[in-house]
Amino acid sequence: MKSAERFNFISIVIIIMSLFWANMRSSILVTPYKDLIVWKGFAAIEISFWFLAGGLAWWVLWRERLWRVYLQVFKINWLVIIFCLFAVASITWSVYAMATLYRALLLIFSTLIGAYIGIRYSVNEIVNILFWFGVIVVIVCLEFAMLFPDLGVAMHYGGAWRGFFWHRNHLGTIMALLNSVFLVKMLSDFREKKIYLKWGSFGFYMLSVLLIYFAHSVTGYVLFIVLTILAIIFLIWFKIRHLMKPSYYYIACVSGSLFLFFSTKNLDYFFSFFNRDISLTGRVPMWGYLIREVVSENLWIGSGFGALWTIKDFRLNVAQNVGWESQVAIGDNGFLDILLHLGVIGLFIFVLVLFSMIFCSLRYAYKKSDLDAIFPVLLMVFALVANISFSLFLELECFVWLVMVAVWFSVTLELNKDHLPLRQAQ
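Taking the working numbering, I'd label the letters of the sequence shown as residues 25 to 450.
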């Protein structure tokens, strides 16, 4: 086997391992309601695999002489280093130090592997990787829901599907993300002459819509609608941008701001379409309790990265105080969970990282103006919207974070290609 083929094969192994373990904690195999026994059982196996994947990734970077580029892009995206260091430092004040160490290692490895993928693959190649990963996830979730309903269907939620995920909301949100992947791939494949590519991507796009529907997740519904509308807007913009004047952009911004303002004034009417109210199924009262009673105790630096929700007594206490029948697993808001874990300082750093990702994605879309440019923006909007009513920032999985870092680093390398050597052709 030639060196290039060997490195490509090892990269495939790294990606498969990483995507698998990045989603494992959100599967039905690992319940979030168990107290974490760090370094024993599942946690020890998971960390071992991340060490292996990280070691292989560094070896490939070294042998392909990409490690300097890797470090240079980290230098450009230095904010993520600050965030990771702050998360690691929180071990010293964590209410559950071993759990924080475990979560900090997951953060570091998912960041390093995400950066590796971004350095080695273009955005289009990352979309292709996610497409095939999505194909597997869709097939497995359909099999669980249809062939093993005792596992894949949440009977206590009116028969809502959850596939192989721990909760229907997780299925709905992840399917909304994969749906956007299928959409971008479908639009790209419809330019190809091969019929099986066109209908294959269209077929899995429709299957992902089916899974979103049967998950009965309002978060999934909203994400599907928002991402689809945003993709259509971008497609129209790509066609007419040469006709756009600066005044048109100002009008669009003002119109969008007014739309958001009036939408927030009529949230009850909006949620009524989904048989929900403004309390977001009890989330809003819980958020109020967490901010008043928990965040205020460690306002600036939090209680330690990933620590609180691994403590059973804390979960039960929150449920009792907000009137939930079952114990609470997560804060159901990614930003609030970061605030709980790392305080105002940590949340501020995290928001800066997020803004950097969004800014790079918008620059990339403006520069490229083609189908490849759609996905980074869709991904960042997904992260913003999904984490309003769910926690997808390294709480029960690190898949979303890994993909965000991968796309961010890939886009950064493309935007700085004039003074950074491009990735090797795959």
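Idealized CB from N, CA, C, for every residue including glycine.
Alpha-carbon spacing of residue i relative to residue j, whole angstroms
i: Phe238; j: Ala184; result: 6 Å
i: Asn341; j: Tyr229; result: 41 Å
i: Val93; j: Ala139; result: 11 Å
i: Gln450; j: Ser434; result: Its pLDDT being 46, under 50, Gln450 is placed unreliably in this model, and the value from its coordinates should be taken loosely. Spanning the two alpha carbons is a distance of roughly 14 Å.
i: Phe33; j: Gly306; result: 47 Å
i: Ala28; j: Leu85; result: 12 Å
i: Ser51; j: Val205; result: 21 Å
i: Val62; j: Trp91; result: Unreliable placement is indicated for Val62, whose pLDDT of 45 sits below 50; no coordinate value is reported for it.
i: Tyr99; j: His180; result: For the record, residue 99 in the displayed sequence is Lys; it is not Tyr. If I take the Cα positions, the gap works out to 49 Å.
i: Ser12; j: Ala111; result: With the chain covering only 25 through 450, there is no way to say anything about residue 12.
i: Val427; j: Leu43; result: 9 Å
i: Ser281; j: Arg339; result: 38 Å
i: Glu349; j: Asp337; result: 15 Å
i: Ile40; j: Arg30; result: 15 Å
i: Ala178; j: Arg186; result: 6 Å
i: Asn440; j: Ser385; result: 13 Å
i: Leu418; j: Ser271; result: 40 Å
i: Phe351; j: Ile275; result: The residue asked about is misnamed: residue 351 is Gln in this sequence, not Phe. For Gln351 and Ile275, the distance between alpha carbons rounds to 47 Å.
i: Glu438; j: Leu363; result: 32 Å
i: Leu171; j: Val161; result: 15 Å
i: Phe73; j: Phe423; result: 15 Å
i: Ile315; j: Ile412; result: 15 Å
i: Val375; j: Thr116; result: 23 Å
i: Ile71; j: Tyr273; result: 47 Å
i: Ala389; j: Leu247; result: 20 Å
i: Trp83; j: Phe75; result: 12 Å
Helix, strand or coil at residue i according to DSSP, with G and I counted as helix
i: Glu29; result: helix
i: Ala178; result: strand
i: Ala184; result: strand
i: Phe433; result: helix
i: Trp86; result: helix
i: His266; result: helix
i: Ser415; result: coil
i: Asp442; result: coil
i: His365; result: helix
i: Trp425; result: helix
i: Ser393; result: coil
i: Ile325; result: coil
i: Ile34; result: helix
i: Tyr120; result: coil
i: His240; result: coil
i: Trp74; result: helix
i: Gly370; result: helix
i: Glu349; result: coil
i: Phe157; result: helix
i: Ser385; result: helix
i: Phe214; result: coil
i: Ser281; result: helix
i: Gly138; result: helix
i: Asp356; result: coil
Beta carbon of residue i nearer than 8 Å to that of residue j
i: Ala430; j: Ile141; result: yes
i: Asp361; j: Ser320; result: no
i: Thr243; j: Ala410; result: yes
i: Thr334; j: Ala121; result: no
i: Ser232; j: Met268; result: no
i: Arg192; j: His240; result: yes
i: Ala81; j: Ile137; result: yes
i: Trp425; j: Ser134; result: yes
i: Leu195; j: Leu235; result: yes
i: Leu402; j: Leu254; result: yes
i: Val97; j: Ile163; result: no
i: Tyr313; j: Val278; result: no
i: Ala169; j: Gly176; result: yes
i: Ile103; j: Ile382; result: Here residue 103 is Leu; the residue named in the question, Ile, does not match the sequence. Not a contact, by the Cβ cut-off of 8 Å.
i: Phe262; j: Asp394; result: yes
i: Ile15; j: Cys165; result: Outside the displayed span of the chain (25 to 450) sits residue 15, for which this structure offers no information.
According to DSSP, residues forming a beta bridge with residue i
i: Phe189; result: Ser51
Cutoff 8 Å: residue i Cβ touching any chain D Cβ
i: Glu88; result: Checking the listed chains, one finds no chain D in this structure; it contains a single protein chain.
When the Cβ atoms of the stretch 362–369 are set against those of the stretch 325–343, are three or more pairs found closer than 8 Å? yes
Pairing CB atoms from the stretch 123–136 with CB atoms from the stretch 145–159, are three or more of them under 8 Å? no
Any contact of the stretch 385–399 with the stretch 345–364, i.e. 3+ C-beta pairs under 8 Å? no
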